[in-house]
Structure formats: C-alpha cells, structure tokens
Amino acid sequence: EIKVCVVGLGYVGLPLLKLIIEKGFFAIGLDIDKQKVDKILKEGIAVTTRPDEALNNADCIIVCVPTPIDESYRPDLKFVISAMRTVSKYLKNDSIVILESTVAPGTTEEIAARILGESGFKAGVDFYVAHCPERIDPGNKKWTVRNIPRVVGGINKQSTNIAYAFYVEILNSEVIKMSTVKAAEAVKIVENTFRDVNIAFVNELAKSFDKIGIDTVEVIKGASTKPFGFMAHYPGCGVGGHCIAIDPYYLIEKAEKSGFNHKFLKLAREIN
Numbered sequence: 046e047i048k049v050c051v052v053g054l055g056y057v058g059l060p061l062l063k064l065i066i067e068k069g070f071f072a073i074g075l076d077i078d079k080q081k082v083d084k085i086l087k088e089g090i091a092v093t094t095r096p097d098e099a100l101n102n103a104d105c106i107i108v109c110v111p112t113p114i115d116e117s118y119r120p121d122l123k124f125v126i127s128a129m130r131t132v133s134k135y136l137k138n139d140s141i142v143i144l145e146s147t148v149a150p151g152t153t154e155e156i157a158a159r160i161l162g163e164s165g166f167k168a169g170v171d172f173y174v175a176h177c178p179e180r181i182d183p184g185n186k187k188w189t190v191r192n193i194p195r196v197v198g199g200i201n202k203q204s205t206n207i208a209y210a211f212y213v214e215i216l217n218s219e220v221i222k223m224s225t226v227k228a229a230e231a232v233k234i235v236e237n238t239f240r241d242v243n244i245a246f247v248n249e250l251a252k253s254f255d256k257i258g259i260d261t262v263e264v265i266k267g268a269s270t271k272p273f274g275f276m277a278h279y280p281g282c283g284v285g286g287h288c289i290a291i292d293p294y295y296l297i298e299k300a301e302k303s304g305f306n307h308k309f310l311k312l313a314r315e316i317n
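In the numbering used here, each number is its position in the sequence shown, counted from 1, plus 45.
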C-alpha cells in the first residue's frame with residue numbers, strides 16, 4: 046500500500062489531504078501547528094505534528110507550505126527550506142517529493158532537490174522530485190481541488206511521469222506534463238502576474254476616465270462585446286491575499302539575478 050504524506054495543512058494542503066484519502070490512499074498530514082492538528086483530528090483525519098510518524102516509509106510526500114515575501118519584498122523560502130530539511134531525514138529509496146508551494150523558476154531543482162540530497166540519496170536516481178503548482182481558489186465552489194486542471198514538471202523525465210501518474214489518479218481533471226520543472230514553476234507565477242498587471246491597468250484607467258468623465262465599467266462591458274482579443278478586468282481596491290500581491294516578486298527577483306529588470310511588473314506592483 047502506498048503511503049502519502051501532505052506537509053502543511055493550510056487552505057492548500059488540507060483539502061488535498063482529504064481528497065487523497067477519499068480516493069482510497071493511505072495518507073497522513075503533517076503540520077507544526079498543534080492547535081490546527083488537534084482540530085483536524087476531531088474530523089477523524091490522520092494528522093500529526095510528529096515528522097517521524099508522518100514521514101517514515103512515505104512513498105509520496107507533497108509539500109504545501111507558505112511562500113511569503115519579507116519586509117523588503119524579497120521571496121522568503123524559510124518554510125520550504127525547513128520542510129525539505131525535515132523530509133530529507135526520512136527520505137527513502139524510490140520515493141517522490143512534490144512541491145506545490147508557489148516558487149520562482151529554479152527553486153525545486155536548485156533548493157528543494159539539493160536539500161533533499163543531503164539524505165545521501167541522489168535526486169532523480171534514488172528518489173524523484175517534481176513541482177505541481179497549487180491552483181486552489183478558496184471559496185470557489187465551481188472550481189475546487191478535485192477539478193481544476195493541473196500542470197506537473199519534474200527534475201527529470203521519470204520524476205515528471207511519476208508525479209503525472211499520481212495526479213491523474215486523484216483528480217477529475219486534465220493533468221498536463223511540462224517539459225521542465227522550471228516551466229511548471231513559471232506557470233503559476235505567470236497566472237497571478239497576468240492578473241496583477243491587468244488589475245493595475247484597469248485601476249489606472251479608472252482614475253483616468255474619472256478625470257475625463259467616462260464610466261469605466263460601461264466601457265469595459267462595451268469592450269467585452271468583442272468576441273476575441275479582449276479579457277475583461279474591472280477596477281477595484283487593488284489586490285491582496287496570499288498569491289497575486291506576492292507572486293510577481295518571485296519572478297522579479299529571479300529575473301534580476303539573471304540580469305533582467307522587470308520594469309512592467311514593478312510598475313504593476315506600485316499601482317496595486
């Protein structure tokens with residue numbers, strides 16, 4: 046019997062854990078928050094704060110921990126690093142570790158796989174590593190963890206294939222294989238950065254149209270009558286939450302380290 050462990054039981058990890066159990070897998074959740082764990086235990090779900098109990102003999106480990114930014118708007122990977130160090134202590138031969146947390150391209154291979162390699166096993170040979178970016182939309186009853194299409198990418202072909210096979214087994218949706226793990230990581234960043242940029246655009250339009258005396262919403266509805274080439278976004282108070290206001294900074298920093306300055310994304314962040 047395959048043992049699955051979900052590390053991090055927030056708004057991403059807990060629904061995923063419940064789905065995996067529902068699909069008939071032996072699964073257990075791990076979280077450092079004892080209050081949260083005690084609450085979930087009352088639902089009759091196997092969860093613990095003990096890494097040994099959760100990770101010993103686990104065949105598939107899915108990491109769903111937060112990836113915030115710090116006070117300087119720089120990506121803060123302390124939770125990912127901590128989780129991977131914990132997992133590395135219990136890693137076994139032929140297991141797979143899947144990172145669902147939103148990260149910059151290169152993180153899964155350059156940071157997660159490297160830390161996991163401290164176990165003495167070789168990534169991509171003795172164990173496998175992949176990225177499947179979460180797409181959960183809390184409160185959305187139409188699109189849930191079970192039916193949102195997903196993308197997967199591994200550090201090598203076998204990692205991709207194993208992760209793909211797992212998600213096909215638990216989801217009622219399309220699962221798309223990406224050519225590289227970096228491409229899979231970039232998908233989530235692009236999705237949320239796209240929204241951030243477009244929200245910034247309509248918010249700036251609203252300020253401009255207010256000066257001119259034009260109803261912005263009416264204009265957007267009018268533009269939406271064109272059946273192609275336009276995607277409606279509406280003005281509001283900017284962006285917030287766990288993703289849209291944070292994810293662009295992951296791409297901005299990664300690009301800066303690679304010698305590229307994302308002026309447009311920085312402007313969108315300034316407006317929003």
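Glycine included, each C-beta is placed from N, C-alpha and C at the ideal position. This one's a predicted model, so the numbers in the text were calculated from it and none came from an experiment.
#### Entry: Three-way DSSP call (helix, strand, coil) for Arg314 in this model
helix
### Task
Taking 8 Å as the cut-off, decide whether the C-beta atoms of Ala157 and Val170 are in contact.
no
### Val226 and Gly199 closer than 8 Å at C-beta
yes
### Task
Just list the alpha helix (DSSP H) runs in the stretch 52–86, keeping only unbroken ones of 4 residues or longer that don't cross its boundaries, in chain order.
58–67 and 79–86
### Task
List the endpoints of the continuous beta strand (DSSP E) containing Leu318.
Any question about residue 318 goes unanswered here, given that the chain covers just 46 to 317.
#### Entry: Per DSSP, the bridge partner or partners of Thr238
Its beta-bridge partners do not exist; DSSP assigns none.
### Task
Specify the secondary structure class of Arg180 as computed by DSSP and reduced to three states.
coil
### Task
Check each candidate in Ile297, Ser303 and Gly304 and name the one with the smallest Cα separation from Lys311.
Ile297
#### Entry: Three CB pairs or more closer than 8 Å across the stretch 91–105 and the stretch 49–67
yes
### Task
Measure the alpha-carbon distance for Phe309 versus Val247 and round it to whole angstroms.
15 Å
### Message
Just to confirm the assignment, what range does the beta strand (DSSP E) spanning Arg119 have?
### Response
From DSSP, Arg119 is part of no beta strand (DSSP E); its letter is neither H nor E.
### Message
In this structure, how does DSSP classify Tyr294 when only helix, strand and coil are distinguished?
### Response
helix
### Every unbroken beta strand (DSSP E) inside the stretch 214–284 [3 residues or more]
220–222
### Task
Give the straight-line distance between the Cα atoms of Leu161 and Tyr135, rounded to the nearest whole angstrom.
10 Å
### Pair within 8 Å by beta-carbon distance, Cys177 and Ala208
yes
### Query
Is it true that the stretch 186–206 meets the stretch 237–245, where meeting means three or more beta-carbon pairs spaced less than 8 Å apart?
no
### Message
With the cut-off set at 8 Å, would you say Ala128 and Cys50 are in Cβ contact?
### Response
no
#### Entry: Cβ-Cβ separation, Glu145 to Cys109 (assumed contact under 8 Å), whole Å
5 Å
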